[in-house]
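Presented below is the structure to which this report refers.
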Amino acid sequence: MALAEIELCGELIIAASAADGERLSADRIDEVLRVAAKDR
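Structure representation (structure tokens):
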């Protein structure tokens, strides 16, 4: 389980480093984490 969490954190870091703004939007975070609106 910890390995999966580390992988997700890595994906968020990569997305954040490629983002134009200072922060990732909630929609972009959901996209990176593969969370659908119904899962929230």
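Numbering of the sequence shown is given in the UniProt record's numbering, commencing with residue 1 and proceeding in unit increments.
Ideal placement from N, C-alpha and C gives every residue a C-beta, glycine not left out.
Tell me where the alpha helix (DSSP H) around residue i begins and ends.
i   : result
A2  : A2 to A18
V35 : Where V35 is concerned, there is no enclosing alpha helix (DSSP H), given that its DSSP letter is neither H nor E.
By Cβ distance below 7 Å, which residues in the same chain neighbour residue i in space, the five residues on each side in sequence not counted?
i  : result
L8 : L33
Out of the options, point me to the one whose CA is closest to residue i's CA.
i   : options        : result
I14 : A2, R28 and L3 : R28
On the premise that residue j lies in contact with residue i, defined as a C-beta separation below 8 Å, what is that separation, rounded to the nearest angstrom?
i   : j  : result
A16 : L3 : That belief does not hold up - the Cβ atoms of A16 and L3 are roughly 20 Å apart, past 8 Å.
Apart from the five residues just before and just after residue i, which ones in its own chain have a Cβ nearer than 8 Å to its Cβ?
i   : result
E11 : V32 and L33
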